[in-house]
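Chemist:
Quick look at the structure:
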């Protein structure tokens, strides 16, 4: 079964305590991406990766880091989380490029609260 | 300013009725447009994908239309069911690797 798996699904953390949200896909997809979703704003892209060792900033990359050492994994790192990073985060993956019209698969989301 | 605007922001319909959601975009150049359904607290699930040359595409009771000249798309839900209650998101991509998301339309279907 095609899956994008995120962990943890729910997390409450304190300001400044580094955390990592993992993302793994089992479809051998080249393209992976991270988004955050806030009320009334829709999903906003944080970072994306077109393949192993290739990453690029999205629209809201400040305060986040990513890495793509393996094709299946694309972790999102918050080095020093702040309350404005409280949000619902989604990882997504897709084969090929966006221009091909291929389906983008989303994970189930990670609810992050920074206090 | 968001490059993808959706309307209405929310709507309530009775079970069995039809409804139409709108999506206007300014993304250029345009590559393709996707409609996603997102249940509360869950990840978005693909409904349709349309490229520049496609005018309409159906997925069961969901029918999407695209007018690339006016940069407008619509999603029509026929004979709504309670399970259609969700947020519907319009997603537009150009010729780069970024996606532009609409804020979504929240549909509530009542018995």
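Protein chains in written order, with our numbering: chain C, 745 to 859; chain Y, 7 to 117.
The C-beta atom is built at its ideal place from N, Cα and C for all residues, glycine as well.
Going along chain Y, which residues have a C-beta under 7 Å from residue 785/C?
Modeler: Those within 7 Å of residue 785/C in chain Y are 109.
Chemist: Residue 789/C versus chain Y: which residues are under 7 Å apart at the beta carbon?
Modeler: By Cβ distance, chain Y contributes 104 and 105.
Chemist: Sort out for me which residues DSSP pairs residue 92/Y with in a bridge.
Modeler: Paired residue(s): 113/Y.
Chemist: Could you tell me whether the Cβ of residue 852/C comes closer than 7 Å to any Cβ of chain A?
Modeler: Absent here is chain A; the protein component of the structure consists of chains C and Y.
Chemist: Taking contact to mean at least 3 C-beta pairs separated by less than 8 Å, is the stretch 17-26 of chain Y in contact with the stretch 777-793 of chain C?
Modeler: At 8 Å Cβ cutoff, the stretches do not touch.
Chemist: Would you mind stating whether residue 790/C and residue 857/C have Cβ atoms separated by less than 7 Å?
Modeler: No, the pair does not count as a contact, with Cβ atoms beyond the cut-off.
Chemist: Identify each residue in the stretch 799-829 of chain C for which the Cβ-Cβ distance to at least one residue of chain Y is less than 8 Å, and report them in chain order.
Modeler: So the list reads 800, 802 and 803, given in the order they occur along the chain.
Chemist: Taking the Cβ atom as the reference point for each residue, do residue 71/Y and residue 59/Y lie within a distance shorter than 7 Å?
Modeler: No.
Chemist: From 763/C, 847/C and 808/C, pick the residue whose C-alpha is nearest to that of residue 752/C; which is it?
Modeler: Looking at the Cα atoms, 763/C is the closest of the given residues.
Chemist: Within the stretch 42-82 of chain Y, note down every full beta strand (DSSP E) run reaching 3 residues or more, in order along the chain.
Modeler: Complete beta strand (DSSP E) runs here, min 3: 51-57, 62-65 and 68-73.
Chemist: How should residue 827/C be labelled, buried or exposed, when 16 other C-beta atoms within 10 angstroms of its C-beta is the threshold for buried?
Modeler: So residue 827/C counts as exposed.
Chemist: Establish whether the CB of residue 839/C and some CB of chain Y are separated by less than 7 Å.
Modeler: No, residue 839/C lies away from the interface with chain Y (no Cβ there is under 7 Å from its Cβ).
Chemist: Give the single residue among 93/Y, 50/Y, 40/Y and 87/Y whose Cα lies nearest to the Cα of residue 852/C.
Modeler: Selected option, being the one with the closest Cα: 50/Y.
Chemist: Among 90/Y, 113/Y, 47/Y and 97/Y, which residue has its Cα nearest to the Cα of residue 36/Y?
Modeler: Closest option to residue 36/Y, Cα to Cα, is 97/Y.
Chemist: Is the CB of residue 847/C under 7 Å away from at least one CB in chain Y?
Modeler: Chain Y contact via Cβ: present.
Chemist: Could you tell me whether the Cβ atoms of residue 850/C and residue 834/C are closer together than 7 Å?
Modeler: Contact flag set, yes.
Chemist: For a contact meaning CB atoms closer than 9 Å, what does residue 47/Y contact in chain C?
Modeler: Within chain C, the residues near residue 47/Y are 832, 852, 853 and 855.
Chemist: Count the other C-beta atoms from every protein chain shown that fall within 10 angstroms of the C-beta of residue 727/C, then say buried if there are 16 or more, exposed otherwise.
Modeler: Residue 727/C lies beyond the residue range present for chain C, which begins at 745 and ends at 859; the question has no answer from this structure.
Chemist: Mark residue 64/Y as exposed unless 16 or more other C-beta atoms lie within 10 angstroms of its C-beta, in which case mark it buried.
Modeler: Its Cβ having fewer than 16 others within 10 Å, residue 64/Y is exposed.
Chemist: Could you pull the start and end residues of the beta strand (DSSP E) that residue 22/Y belongs to?
Modeler: Per DSSP, residue 22/Y belongs to no beta strand (DSSP E) and is neither H nor E.
Chemist: Quick check on residue 94/Y: buried or exposed, where buried means 16 or more other Cβ atoms within 10 Å of its Cβ?
Modeler: Flag for residue 94/Y reads buried.
Chemist: Among the candidates 117/Y, 42/Y, 112/Y and 106/Y, whose CA atom is the shortest distance from the CA of residue 118/Y?
Modeler: Nothing about residue 118/Y can be read from this structure; chain Y reaches only from 7 to 117.
Chemist: Could you compute how far the alpha carbon of residue 794/C sits from the alpha carbon of residue 117/Y?
Modeler: Looking at the two C-alpha atoms, the distance is approximately 45 Å.
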